[in-house]
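Q: After the structure tokens below, expect a handful of questions from me.
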Amino acid sequence: MIINISNLGDAAAYCDFGSEVNEIINSNVIDYFNHLSELIKNEKIKGITNLTPSYNKLIVSFNLNVTNYKETKNLLENIIIQKNIKKNNKKIKIPVCCEKEYGLDFERLNTKLSISKDEILKLFFNKEYFCYMTGFIAGMPFLGDINEKIRCDRLETPRVKVPKGSVGITEQFANIYTFESPGGWNIIGNTPLKVFDEMNLAEPTLIKPGNKISFYQISKEEYLNWNE
Amino acid sequence: MNNTFFEILRPGINTTIQDNGRNYMYHEGIAVSGAIDQRNFKFANKLVNNHLNEAVIEFAYQGPLLRLKNNKINFSITGDVIFKINRKNLKVENGICYKNYILEEDDQLDIISTKNTAYGYLSVNGGFEIEKIWNSYSINTKANIGPNKGKKYSIEDKIFIKSLNLQKIKEIKLDYSVSSDNIIRVIKGTNFDYFSSKAQNQFFNQNFSVTKLADRMGIRLSGCKLENIVRTNIKSEGIVKGVIQVPADGNPIIMLSDHGTIGGYPKIGVVISADLDRVGQLIPGSTINFKEVSLEEAQNIFKAYTEDTNKYLNECN
Numbered sequence: 001m002i003i004n005i006s007n008l009g010d011a012a013a014y015c016d017f018g019s020e021v022n023e024i025i026n027s028n029v030i031d032y033f034n035h036l037s038e039l040i041k042n043e044k045i046k047g048i049t050n051l052t053p054s055y056n057k058l059i060v061s062f063n064l065n066v067t068n069y070k071e072t073k074n075l076l077e078n079i080i081i082q083k084n085i086k087k088n089n090k091k092i093k094i095p096v097c098c099e100k101e102y103g104l105d106f107e108r109l110n111t112k113l114s115i116s117k118d119e120i121l122k123l124f125f126n127k128e129y130f131c132y133m134t135g136f137i138a139g140m141p142f143l144g145d146i147n148e149k150i151r152c153d154r155l156e157t158p159r160v161k162v163p164k165g166s167v168g169i170t171e172q173f174a175n176i177y178t179f180e181s182p183g184g185w186n187i188i189g190n191t192p193l194k195v196f197d198e199m200n201l202a203e204p205t206l207i208k209p210g211n212k213i214s215f216y217q218i219s220k221e222e223y224l225n226w227n228e
Numbered sequence: 001m002n003n004t005f006f007e008i009l010r011p012g013i014n015t016t017i018q019d020n021g022r023n024y025m026y027h028e029g030i031a032v033s034g035a036i037d038q039r040n041f042k043f044a045n046k047l048v049n050n051h052l053n054e055a056v057i058e059f060a061y062q063g064p065l066l067r068l069k070n071n072k073i074n075f076s077i078t079g080d081v082i083f084k085i086n087r088k089n090l091k092v093e094n095g096i097c098y099k100n101y102i103l104e105e106d107d108q109l110d111i112i113s114t115k116n117t118a119y120g121y122l123s124v125n126g127g128f129e130i131e132k133i134w135n136s137y138s139i140n141t142k143a144n145i146g147p148n149k150g151k152k153y154s155i156e157d158k159i160f161i162k163s164l165n166l167q168k169i170k171e172i173k174l175d176y177s178v179s180s181d182n183i184i185r186v187i188k189g190t191n192f193d194y195f196s197s198k199a200q201n202q203f204f205n206q207n208f209s210v211t212k213l214a215d216r217m218g219i220r221l222s223g224c225k226l227e228n229i230v231r232t233n234i235k236s237e238g239i240v241k242g243v244i245q246v247p248a249d250g251n252p253i254i255m256l257s258d259h260g261t262i263g264g265y266p267k268i269g270v271v272i273s274a275d276l277d278r279v280g281q282l283i284p285g286s287t288i289n290f291k292e293v294s295l296e297e298a299q300n301i302f303k304a305y306t307e308d309t310n311k312y313l314n315e316c317n
């Protein structure tokens, strides 16, 4: 499953699962991540300090006072993965308001893609998405794949501040800005749902890799009166 | 309940609580955080007889002005820092780093500024009355995680201090000064071959200067524009502290403790673990050179760094 392992600096191993972005490769990454997480939780392996799964890579950080790259690589090569050890294909529904003040980039998408707002929304809401990874900022999910007709590049000049809760699309992906942050994705709406909750210590992140996500449209009134 | 606290009369530029960081959270999008300069963080704790991973106050450039309320404490400041102790009786003492002091009730501690480095540390015997979140005291202002609701300290905030036992503390001094070496050692990154041979050469032979865009997330450099001959974006993937990314404009960015956990720019190199404290302490305007080392050399340098740190820690006994 891992095609190649190399070192990323002196305190991390870089596991390459392939160059494509697709659900099969990503599921391999997630299986590996879940398996390693279990081993760490049960103290079966020592010295690993962090795991960062992404579309097609897994970075394994370690404590250089406890272990080193050679030992970590050896350990990773000799792990036998049980496939889908912990299936995490939970389904989550996300409400989105796409009124003018929340959907910031319909004009741009309209110009770039020659497609109306209504058509964009129809295509966007009419599909279930897969969560490839979580990160960049706390709890931000990277979801895919969106319909080919609504794929668009990032903004030429990224926004300095994208509002918290913004739902963005670019290329084959959709995401949700869990915090106000700089960013260049095309914003089509905003969710009142708390996607990252720092007060929920056991499970701060709502959407995890492997989850299936669908969006549904809400009115501005529903948005403003949202109560979790 | 214990009621000893620092009252913040001036917060300083970026005053937070830090420790050795928060692990196992990268996959949730949460950086490790922790003290930028781990060696000075450990020294600060050792000088007041704390556990080495006790929470400390980290400040950047201009530090805080603090008034101590309701008890006396033992404190120490590490780094390259100018500070004064304004005693209640109006006597003013110039502070010396790497030494411990007693601060009496209603004395003020004025951390004026750091000198040739960015960060300094204030430790208090017994530590602070705060809670760990995900196994760390570190404040992560990007995700609002940690003590003080994950925010940097503001005027009139209070930082409570744990109960302490002053009798135990003896006067300790450490003979240490922050190194001003400008050579930063790196291991080639996973996308090193994305860059033209000219750019590879420039990376290891030219000077780069630290721009004003430097904070706990990372440091943007300027110098020669590094030419990418493959792709200026990669499929987003994980990042670790010390990674040097090069976006399309050709200017390298070094990732520090509060970095985004995922990034989409090619990685030309990674700063070795032993040089991370020094990199984090760089101030805008300073000039650096990158030097290539092998993985094996990096591991040996780290061993020497650890032994050196331990040597200083043992001198405190």
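Protein chains in written order, with the working numbering: chain U, 1 to 228; chain R, 1 to 317. Cβ coordinates follow ideal geometry from the N, Cα and C atoms, glycine included. If you're wondering where the values come from, they're calculated on a predicted model, not measured in any experiment.
#1: To the nearest whole angstrom, what separates the beta carbons of residue 113 of chain R and residue 61 of chain R, a pair I think is in contact under 8 Å?
#2: Tell me the rounded alpha-carbon separation between residue 234 of chain R and residue 25 of chain U.
#3: Just the C-alpha distance for residue 245 of chain R and residue 28 of chain R, rounded to the nearest angstrom, thanks.
#4: Run through DSSP, which three-state label would residue 138 of chain U get?
#5: Just to confirm, are residue 36 of chain R and residue 280 of chain R a CB contact at a threshold of 9 Å?
#6: Measure from the alpha carbon of residue 79 of chain U to the alpha carbon of each residue in U/36, U/14, U/109 and U/51, then state which is nearest.
#7: Do residue 69 of chain U and residue 295 of chain R count as a contact pair if the criterion is CB distance below 9 Å?
#8: Residue 124 of chain R: buried (16+ other C-beta within 10 angstroms of its C-beta) or exposed?
#9: What is the DSSP secondary structure of residue 58 of chain R, reduced to helix, strand or coil?
#10: May I ask you to verify whether the stretch 176-196 of chain R touches the stretch 16-31 of chain R, counting CB pairs closer than 8 Å and requiring at least 3?
#11: Leaving aside the five residues before and after residue 63 of chain U along the sequence, list all residues of the same chain whose C-beta is less than 6 Å from its C-beta, in chain order.
#12: Mind pulling the chain R residues with CB within less than 7 Å of residue 57 of chain U?
#13: Counting Cβ pairs, one atom from each stretch, are 3 or more of them under 8 Å apart for the stretch 148-163 of chain U and the stretch 176-188 of chain U?
#14: Can you list the residues of chain U that residue 298 of chain R reaches, using a CB-CB cut of under 8 Å?
#15: When you compare the CB of residue 143 of chain R with every CB in chain U, is at least one pair closer than 9 Å?
#16: With which residues is residue 86 of chain R paired in a DSSP beta bridge?
#17: Starting from the N-terminal side, write out each stretch of the beta strand (DSSP E) that is 3 residues or longer and does not extend beyond the stretch 45-78 of chain U.
#18: Since residue 302 of chain R meets chain U, which of its residues come closer than 7 Å, beta carbon to beta carbon?
#19: Excluding sequence positions up to five away, which residues of its chain have a Cβ less than 6 Å from the Cβ of residue 14 of chain R?
#20: Taking just the CA atoms, how far does residue 172 of chain U sit from residue 117 of chain R?
#21: Can you tell me which of U/99, U/95 and U/160 puts its alpha carbon nearest to the alpha carbon of residue 228 of chain U?
#22: Mind pulling the chain R residues with CB within less than 9 Å of residue 69 of chain U?
#23: What is the C-beta distance between residue 240 of chain R and residue 12 of chain U, in whole angstroms, given that I count them as a contact (C-beta under 8 Å)?
#24: I want to verify the contact list: residues of chain R whose CB lies under 7 Å from the CB of residue 14 of chain U, in sequence order.
#25: Could you give the DSSP three-state label for residue 189 of chain R: helix, strand or coil?
#26: Beta-carbon of residue 307 of chain R versus every beta-carbon of chain U: anything under 9 Å?
#27: Run the CB neighbour count on residue 158 of chain U, radius 10 Å, all protein chains shown included, and call it buried at 16 or more, exposed below.
#28: From residue 311 of chain R to residue 65 of chain U, what distance separates their C-alpha atoms?
#29: Round the Cβ separation of residue 124 of chain U and residue 146 of chain U to the nearest angstrom and send it over; I've been treating them as touching at under 8 Å.
#30: In its own chain, which residues sit with a C-beta less than 8 Å from the C-beta of residue 302 of chain R, not counting the 5 before and 5 after it?
#31: Would you please verify whether the beta carbon of residue 51 of chain R is less than 9 Å from any beta carbon of chain U?
A: To lay it out plainly:
#1: Translated into the one-based positions of the second sequence, residue 113 of chain R becomes position 113. Translated into the one-based positions of the second sequence, residue 61 of chain R becomes position 61. Right, the Cβ-Cβ distance comes to about 6 Å (below 8 Å), so this counts as a contact.
#2: Taking the first residue of the second sequence as position 1, residue 234 of chain R is located at position 234. Taking the first residue of the first sequence as position 1, residue 25 of chain U is located at position 25. Computed Cα separation, rounded: 16 Å.
#3: Here residue 245 of chain R refers to the residue found at position 245 of the second sequence. Here residue 28 of chain R refers to the residue found at position 28 of the second sequence. Roughly 21 Å separates the two Cα atoms.
#4: Here residue 138 of chain U corresponds to residue number 138 of the first sequence, with the count starting at 1. In this structure, residue 138 of chain U counts as coil in the three-state DSSP scheme.
#5: Within the second sequence, numbered from 1, the residue matching residue 36 of chain R stands at position 36. Within the second sequence, numbered from 1, the residue matching residue 280 of chain R stands at position 280. Yes, they are a contact pair.
#6: Residue mapping note: residue 79 of chain U aligns to position 79 of the first sequence, counting from 1. The shortest Cα separation from residue 79 of chain U among U/36, U/14, U/109 and U/51 belongs to U/36.
#7: Numbered from its first residue, the second sequence carries residue 295 of chain R at position 295. Numbered from its first residue, the first sequence carries residue 69 of chain U at position 69. Yes.
#8: Counted from its first residue, the second sequence places residue 124 of chain R at position 124. Flag for residue 124 of chain R reads buried.
#9: Looking up residue 58 of chain R in the second sequence gives position 58. Strand at residue 58 of chain R.
#10: no
#11: As a first step, residue 63 of chain U is located in the first sequence; it is residue number 63 there, counting from the start. Cβ neighbours of residue 63 of chain U beyond the five flanking positions: 47 and 49.
#12: Your numbering for residue 57 of chain U matches position 57 in the first sequence. Result: 237 and 238.
#13: yes
#14: Numbered from its first residue, the second sequence carries residue 298 of chain R at position 298. Within 8 Å Cβ-Cβ: 9 and 10.
#15: Reading the second sequence from its first residue, position 143 is the one you call residue 143 of chain R. It does: the Cβ of residue 143 of chain R has a partner Cβ on chain U nearer than 9 Å.
#16: Walking along the second sequence from the start, residue 86 of chain R turns up at place 86. BP columns for residue 86 of chain R point to R/92 and R/108.
#17: 48-53 and 57-62
#18: The residue given as residue 302 of chain R occupies position 302 in the second sequence. Within 7 Å Cβ-Cβ: 10 and 64.
#19: Within the second sequence, residue 14 of chain R is the residue found at index 14, counting from 1. Counting only Cβ-Cβ distances below 6 Å, and skipping sequence neighbours, we find 60 and 152.
#20: Numbered from 1 along the second sequence, position 117 holds the residue referred to as residue 117 of chain R. Numbered from 1 along the first sequence, position 172 holds the residue referred to as residue 172 of chain U. Going by the C-alpha atoms only, they are around 43 Å apart.
#21: As a position in the first sequence, residue 228 of chain U is number 228, starting the count at 1. It is U/95 whose Cα lies nearest to the Cα of residue 228 of chain U.
#22: Position 69 of the first sequence, counted from the first residue, corresponds to residue 69 of chain U. Ordered by position in chain R, the residues that pass the 9 Å Cβ test against residue 69 of chain U are 295 and 299.
#23: In the second sequence, the residue the question calls residue 240 of chain R occupies position 240. In the first sequence, the residue the question calls residue 12 of chain U occupies position 12. Confirmed, Cβ separation roughly 5 Å.
#24: Translated into the one-based positions of the first sequence, residue 14 of chain U becomes position 14. Chain R residues near residue 14 of chain U: 190.
#25: Residue mapping note: residue 189 of chain R aligns to position 189 of the second sequence, counting from 1. DSSP places residue 189 of chain R in coil when its eight states are reduced to three.
#26: Numbered from 1 along the second sequence, position 307 holds the residue referred to as residue 307 of chain R. With 9 Å as the cut-off, residue 307 of chain R does not count as an interface residue toward chain U.
#27: Looking up residue 158 of chain U in the first sequence gives position 158. Exposed, by the Cβ-count rule.
#28: Here residue 311 of chain R refers to the residue found at position 311 of the second sequence. Here residue 65 of chain U refers to the residue found at position 65 of the first sequence. Taking the straight line from one Cα to the other gives about 16 Å.
#29: Here residue 124 of chain U refers to the residue found at position 124 of the first sequence. Here residue 146 of chain U refers to the residue found at position 146 of the first sequence. The pair is a contact, with the Cβ atoms about 7 Å apart (cut-off 8 Å).
#30: Taking the first residue of the second sequence as 1, we reach residue 302 of chain R at position 302. Here the set comprises 272, 273 and 274.
#31: Taking the first residue of the second sequence as position 1, residue 51 of chain R is located at position 51. No - not a single Cβ of chain U is within 9 Å of the one on residue 51 of chain R.
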